[in-house]
Amino acid sequence: MEYSPEQLYQSFINKKIDRSTLIDQLISVIENSIDIPQRITSIHILSNLNAKDKTIYKLIENLAISDSNKYVRFTALKYMRDNFIEYALEPMKWAFHHEKVLQCLIIIVKTLGKMTNHQSRDFLLSILRNINNVAFRENIDEIFKNKLIHDYQNQELAEIILDYLIIKELEIKYGHIDYTVKNARIIGLDLSDISTHVFGWNAIKKFPDYISNLESLKFLDLKFNRLINLPTNIGKLTNLETIDLSYNKIKSLPTSIGSLKMLKTLNLRYNQLKSIPSSIKSLHYLEKLDLRSNKLTELPNSLNALNNLEFLDLHGNILKGARLNLSSLKSLNFLELGLNNLENIPNWVKNFKNLIKLGLGGNKIKRLPKWIDTFDFLEELYLYDNEIIKLPSSIGNLKKLIRLDIWNNQLSSLPDSFSLLSKLKVLNLSWNNFIKLPEWIGNLESLEVLTLWGNKLEELPESLAQLKSLKKLDLNFNKINIIPEFLRQLEKEGLIIYK
């Protein structure tokens with residue numbers, strides 16, 4: 007009867023067999039079994055036993071350089087790195103020249119980088135001298151020319167080689183890719199929309215684990231692929247400042263996302279996220295978080311720890327009724343809460359004194375709170391596609407407002423204070439219930455675009471002629487049959503009227 011490696015190890019734990027017998031049995035499994043997982047498990051158990059004699063070394067060396075299975079070679083290479091590094095130079099050199107599998111090459115190069123002798127350094131330098139990739143070659147030549155190479159530790163030389171090997175693998179798999187090299191390290195990598203420049207549908211469905219070895223990476227673009235999830239080891243990219251994962255199919259984020267301490271921009275728009283891990287609180291440098299068009303029903307309170315967050319887009323989620331309170335995000339200047347079935351503007355929004363842009367379109371809001379004038383710096387306000395019947399007079403205090411989109415509501419009038427919006431350039435009042443416009447509309451001296459599509463207007467106030475900055479006037483789907491004469495002069499000066 008044959009026993010599995012786990013059963014053999016349990017027999018050893020139960021003192022039914024001794025250590026020597028266990029090792030012999032495990033070696034037999036490694037050498038004779040056709041079951042790859044059992045062979046790999048046997049190697050792991052040998053490592054746990056701290057087996058380091060000459061027989062084990064010969065076995066591991068042979069597996070590392072000549073076994074036909076890449077997973078066995080990979081496991082053996084790790085064993086050699088962890089247990090026989092003082093004897094590993096020659097096997098690693100041989101393996102580097104003959105190994106084809108990137109994951110194995112990564113272990114080989116990392117092991118050479120851990121060695122501190124001159125022989126390993128000379129070998130690493132010889133690899134660098136033979137790199138013919140143009141982008142890397144220019145950087146490497148610069149390092150050699152300025153004798154900066156003397157300042158590089160073996161581990162740093164190994165990291166340069168790893169970056170090169172990873173780019174080489176990506177180019178073999180996906181064809182031409184864009185990347186940025188600085189000081190012979192990859193700092194930017196664009197793998198967006200791979201299917202457009204590879205024959206057939208070869209979009210990335212699984213995040214390539216080996217990318218986590220690009221430890222100098224600052225910018226990573228993976229948008230327009232078919233990613234479903236991210237690996238835990240993405241947390242190793244600790245220098246990452248920008249990652250674009252938009253337009254994928256990502257359903258969840260690993261908690262290790264919180265390890266990306268230098269991250270400033272995280273773009274996850276158009277995915278399938280239902281929640282955000284609380285570990286996001288560790289992203290203290292995060293300035294931009296785009297979660298537009300996901301399936302979020304709640305947000306973690308830990309989001310309030312993002313003191314430097316300036317941009318938050320939550321448009322197109324399912325946040326109606328969610329216990330939201332993001333009042334601590336005092337640095338926000340862009341907030342998008344559109345298309346969430348909200349019936350009221352959450353009270354905590356008024357804490358964002360520095361808001362420049364506020365998006366609330368596509369909800370079920372019936373009225374605006376009086377505190378809407380809290381935002382002294384607000385330039386853009388989007389209230390389209392709601393159920394608003396009346397605007398509060400306090401809206402006239404938004405002295406810096408440049409754009410107001412309030413189409414598809416139920417407005418029939420505007421408060422007189424609206425005339426104080428002297429910096430307003432774009433006003434969209436389409437698909438409301440306006441029968442007439444107030445005479446003071448002519449006071450909006452900065453107005454450039456006035457869209458009145460789909461109302462019930464029968465006439466226009468003559469004060470419109472005072473709007474010398476007006477470039478576009480849309481009157482489609484109203485009851486105005488003839489363009490009034492007082493607008494003819496503005497037409498001559500360049501005003502375009504749609505009717």
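For the working numbering, count along the sequence shown from 1 and bump the result up by 6. Don't be surprised by glycine CBs; every beta carbon is placed ideally from N, CA and C. Note that the coordinates shown come from a computational prediction; the quantities given were computed from them, not determined experimentally.
In three-state terms, what does DSSP make of residue i?
{"i": "K498", "result": "helix"}
{"i": "K359", "result": "coil"}
{"i": "Y15", "result": "helix"}
{"i": "G368", "result": "coil"}
{"i": "I46", "result": "helix"}
{"i": "G554", "result": "Because the chain in this structure spans residues 7 to 505, residue 554 falls outside the shown range and cannot be described."}
{"i": "D59", "result": "coil"}
{"i": "L433", "result": "strand"}
{"i": "T380", "result": "helix"}
{"i": "E67", "result": "helix"}
{"i": "I249", "result": "strand"}
{"i": "K406", "result": "coil"}
{"i": "K462", "result": "coil"}
{"i": "L272", "result": "strand"}
{"i": "R232", "result": "coil"}
{"i": "Y85", "result": "helix"}
{"i": "K474", "result": "coil"}
{"i": "I256", "result": "coil"}
{"i": "I36", "result": "helix"}
{"i": "I503", "result": "strand"}
{"i": "K22", "result": "coil"}
{"i": "K485", "result": "coil"}
{"i": "K396", "result": "strand"}
{"i": "G206", "result": "Note that G206 has pLDDT 47, beneath the 50 cutoff, so the model's placement of it is unreliable and the number below is only indicative. Coil, per DSSP."}
Can you give me the start and stop residues for the beta strand (DSSP E) that residue i sits inside?
{"i": "K478", "result": "478-480"}
{"i": "R409", "result": "409-411"}
{"i": "T457", "result": "455-457"}
{"i": "Y185", "result": "184-188"}
{"i": "I192", "result": "191-196"}
{"i": "L226", "result": "225-227"}
{"i": "E386", "result": "386-388"}
Keeping to the same chain, check which residues put their C-beta closer than 8 Å to that of residue i; ignore five residues upstream and five downstream.
{"i": "K406", "result": "D382, F383, L384, E385, K429"}
{"i": "T117", "result": "L83, M86, R87, I91, A94, M98"}
{"i": "I394", "result": "I371, K372, R373, L374, I412, N415, Q416, L417"}
{"i": "G206", "result": "Note that G206 scores 47 on pLDDT, short of 50, meaning its location in the model is unreliable; the coordinates nonetheless yield the value given after this. There are no such residues."}
{"i": "L501", "result": "L476, K477, K478, L479, L493"}
{"i": "P260", "result": "N235, L236, P237, T238, I240, G241, P283"}
{"i": "P510", "result": "What the structure shows of the chain is the stretch from 7 to 505, and residue 510 is not part of that stretch, so it cannot be assessed."}
By Cβ distance, which residues of its chain are closer than 6 Å to residue i, with the 5 residues on each side in sequence left out?
{"i": "A311", "result": "K287"}
{"i": "R298", "result": "R275, D319, H321, G322"}
{"i": "W437", "result": "W413, N414, G460"}
{"i": "I36", "result": "R45, S48"}
{"i": "I193", "result": "T186, S222, K224"}
{"i": "N300", "result": "N277, L279, N323"}
{"i": "H156", "result": "none"}
Could you tell me the boundaries of the alpha helix (DSSP H) in which residue i lies?
{"i": "L171", "result": "160-180"}
{"i": "D147", "result": "140-151"}
{"i": "G119", "result": "108-120"}
{"i": "E96", "result": "95-104"}
{"i": "S10", "result": "Run containing S10: none; DSSP gives neither H nor E here."}
{"i": "L131", "result": "124-135"}
Taking Cβ to Cβ, would you say residue i is nearer than 8 Å to residue j?
{"i": "N369", "j": "N353", "result": "no"}
{"i": "L289", "j": "L305", "result": "no"}
{"i": "K505", "j": "I489", "result": "yes"}
{"i": "A164", "j": "V115", "result": "yes"}
{"i": "F440", "j": "L463", "result": "yes"}
{"i": "S418", "j": "S452", "result": "no"}
{"i": "Y216", "j": "I113", "result": "no"}
{"i": "I33", "j": "L65", "result": "yes"}
{"i": "S258", "j": "K229", "result": "no"}
{"i": "L330", "j": "T303", "result": "no"}
{"i": "N5", "j": "S333", "result": "Any question about residue 5 goes unanswered here, given that the chain covers just 7 to 505."}
{"i": "L435", "j": "T457", "result": "yes"}
{"i": "L236", "j": "I210", "result": "no"}
{"i": "E247", "j": "L233", "result": "no"}
{"i": "I29", "j": "A57", "result": "yes"}
{"i": "D196", "j": "D227", "result": "yes"}
Please work out which residues of its chain come closer than 7 Å, Cβ to Cβ, to residue i, disregarding the five sequence neighbours upstream and downstream, and give them in chain order.
{"i": "T122", "result": "N160"}
{"i": "L426", "result": "G402"}
{"i": "N54", "result": "none"}
{"i": "I109", "result": "Looking at the sequence shown, residue 109 is not Ile but Gln. Contacts found: F80, Y216."}
{"i": "S285", "result": "T261, I263, G264"}
Sequence ranges, beta strand (DSSP E) only - wholly within the stretch 274-348, length at least 3 = 294-296, 317-319, 340-342
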